[in-house]
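In this note's numbering, the protein residues as written are 130 to 929. Glycine included, C-beta positions come from ideal geometry on N, C-alpha and C. What follows is a set of notes on a single structure, which appears directly below.
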């Protein structure tokens, strides 16, 4: 007779029996840990002095409560809790100020302010990784986290222990493993306020290796390399996903799979966070119970699995903190309840935040803590309610991912700006595949050093559950309403958190639950219906968008999921950032600034804010100098290289290709030197079946005449009207373009008289349909049914 399906919890009560006092979680340490977390998060980036003043005030308030507990109603327990909370908050402020002081003082920040070139010896602390965006047509930009240990500046050597961020396009850095010591020559630039590194260093050339990696790192690197080699014969999507499931290595994850996982809420499966560890440990424990190994053997097996995961995924700081959260989950399962585990979780958070205050602002840390908290607090009662209706193993399979997903939901929407309605169903469908894929993936990594043939055989076995995950994400992402727009950042997180708490409260009250379920269903159906009939802004299939940034130019051209190049950035960073956020653009391989005038470049910081930017490209005519220096400073502060455009230059990214047509020369004495020296681009969007667009910056008749005289084929489906539609246009130029659609970036009520009625008349005479941001708002171009459609935020018109 086979054993009954196992249960993850050791609770002996029957379903529906009230929970005893000793079963309820002890939440007393949650407030001090939460206060330390919030304070460290909020004061990071502030000057040291006000942070220390805040710490002193918190400490003083704590001492007042100690001396006068009656202010809290003579409740000693409450007084002790308040004192502990204030003291922990004060300690977090001091720790954050101390860490910030260590990063902002000393020789490195001073040298970075002068953009000095120095020799550094560093210890690599994490895997070198390609940047989320790379420069089109060039080697990928590599990001290397390291700890500077020796500085040599003009022959003066200084010993250090300072975190730095290295950037390089030399592939030699990819061969390094964490713990290796290397020497490099680098140009230092200041880190942004609030960063967890002292400086950003642009390395010149490859590294000089000074020491081999540690034994553990060497073993982990060997195993990971074997895993990547063994899965190479698999189809591209599965070959990129399996290392992500096993060790969090997403370097070969296809953009399509990455986007599908994000849409349906499966991204946490490929992130080395507590969410990933919790699900893996739950699968290991379920397997142990299924094999009849008993309650005591389960946590032991889980501990061994956790240790193996840490070694294989590599003991970097992110993996170690995820392992710590997983260990807390194991404690709950080993002790049969959450009463001792919740204080352990809170204590772990407190220690980690005080030791590394920068964790307070880390989304990975937040997901680790919240997922573990969901396992401890939400999963047990949910499992109990389900146990009377479904088998125990199914109750566990539903409760664990649902609790983790609900807990991490606020962090996910804060990052993505969208609410994944299919997250819980997708995670439930994914549960049967995660454990087999992970176990087989680990086996592949372990067997590969012994026999690559056997490892590849195991990889093909792992292909089946991995392909199921790819299928879930692919199908889910195409369903209507798979993800709905949601406010980004803290506002979106707080809103979803409030909704989640309300749903949890309603869950314990049958009448309220039925009312909210009815209302929620009605709202969801209405939203989905509205989204299908009137999908709103932006259209899902946008290819090019002219942003409404007032009196200025800003165009966004799609290159892939959540990726686009940006041509000009308008005059306002907030408007530029808002436009890119609306379009869900997170990766910008290239920013092209046609010329350094404020209405084209002042919004650059809005592009750089929170996005992975590969490079900034500028006109070869570096005038006016002050504006050119401003662009260089912004790019350097963000660690983004600056390139110079050249006529004849050809590039491509995704389904987009383009050629630089101008400037063909400098225009000295024209009175419009910078405008005439604008970068002129001719783009091909969507391949042979797509359309062409001519982007012209602010070129005036002198430069327009040169373009016509050059004999270059200027014919384009779409024309970005030069200089906001000013009257200074060459009719022969507009005729040579033969555009069917003209786009004009212009501010409502501007004092320049843009766009000129004469220019609009010339465009109409050439057969172009005119769109302008002052009247139409943002304007999107999409390819539908073999034709080009223009969708303005205030209306729609099709060009056929």
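Opposing strand residues paired with residue i [DSSP bridges]
| i | result |
| --- | --- |
| residue 330 | 295 and 317 |
| residue 788 | 779 and 811 |
| residue 716 | 692 and 741 |
| residue 871 | 848 and 899 |
| residue 820 | 814 |
| residue 275 | 253 and 293 |
| residue 675 | 684 and 908 |
| residue 746 | 721 and 772 |
| residue 247 | 315 |
| residue 525 | Bridge partners of residue 525: none, in fact. |
| residue 281 | 248 and 286 |
| residue 259 | 271 |
Through-space distance from residue j to residue i, alpha-carbon basis
| i | j | result |
| --- | --- | --- |
| residue 747 | residue 830 | 21 Å |
| residue 741 | residue 179 | 31 Å |
| residue 395 | residue 602 | 8 Å |
| residue 288 | residue 783 | 45 Å |
| residue 883 | residue 908 | 18 Å |
| residue 692 | residue 819 | 18 Å |
| residue 341 | residue 719 | 36 Å |
| residue 833 | residue 841 | 11 Å |
| residue 919 | residue 890 | 20 Å |
| residue 744 | residue 192 | 52 Å |
| residue 917 | residue 793 | 31 Å |
| residue 770 | residue 750 | 18 Å |
| residue 483 | residue 220 | 7 Å |
| residue 804 | residue 852 | 8 Å |
| residue 87 | residue 686 | In the structure displayed, the chain extends from 130 to 929; residue 87 sits before or after that span and is not available. |
| residue 778 | residue 787 | 8 Å |
| residue 325 | residue 298 | 22 Å |
Residue j beta carbon less than 8 Å from that of residue i
| i | j | result |
| --- | --- | --- |
| residue 591 | residue 573 | yes |
| residue 921 | residue 905 | yes |
| residue 586 | residue 536 | no |
| residue 801 | residue 811 | no |
| residue 826 | residue 723 | yes |
| residue 296 | residue 272 | yes |
| residue 872 | residue 675 | yes |
| residue 606 | residue 393 | yes |
| residue 453 | residue 170 | no |
| residue 316 | residue 250 | no |
| residue 703 | residue 684 | no |
| residue 217 | residue 185 | no |
| residue 487 | residue 228 | yes |
| residue 876 | residue 570 | no |
| residue 848 | residue 868 | yes |
| residue 728 | residue 753 | no |
| residue 242 | residue 292 | no |
| residue 307 | residue 375 | no |
| residue 599 | residue 370 | yes |
| residue 214 | residue 161 | yes |
Residue environment, residue i, which counts as buried when at least 16 other CB atoms sit within 10 Å
| i | result |
| --- | --- |
| residue 726 | buried |
| residue 197 | exposed |
| residue 182 | exposed |
| residue 337 | exposed |
| residue 888 | buried |
| residue 386 | buried |
| residue 839 | exposed |
| residue 300 | exposed |
| residue 886 | exposed |
| residue 540 | buried |
| residue 791 | buried |
| residue 285 | exposed |
| residue 843 | buried |
| residue 561 | exposed |
| residue 913 | exposed |
| residue 781 | exposed |
| residue 367 | buried |
| residue 156 | exposed |
CB contact below 8 Å: residue i versus chain D
| i | result |
| --- | --- |
| residue 478 | Reference to chain D is not applicable here, since this structure consists of a single protein chain. |
Check your understanding: Do the segment 349-367 and the segment 329-336 touch if we need at least three Cβ pairs shorter than 8 Å?
Key -> At 8 Å Cβ cutoff, the stretches do not touch.
Review point. Are there three or more Cβ pairs, one per stretch, closer than 8 Å when the segment 506-516 is compared with the segment 343-352?
Key: Judged by Cβ distances under 8 Å, the segment 506-516 makes no contact with the segment 343-352, as fewer than three pairs qualify.
Exercise for review: Evaluate the contact criterion for the segment 493-507 versus the segment 527-534: three or more CB pairs, one atom per stretch, below 8 Å.
Suggested key: yes
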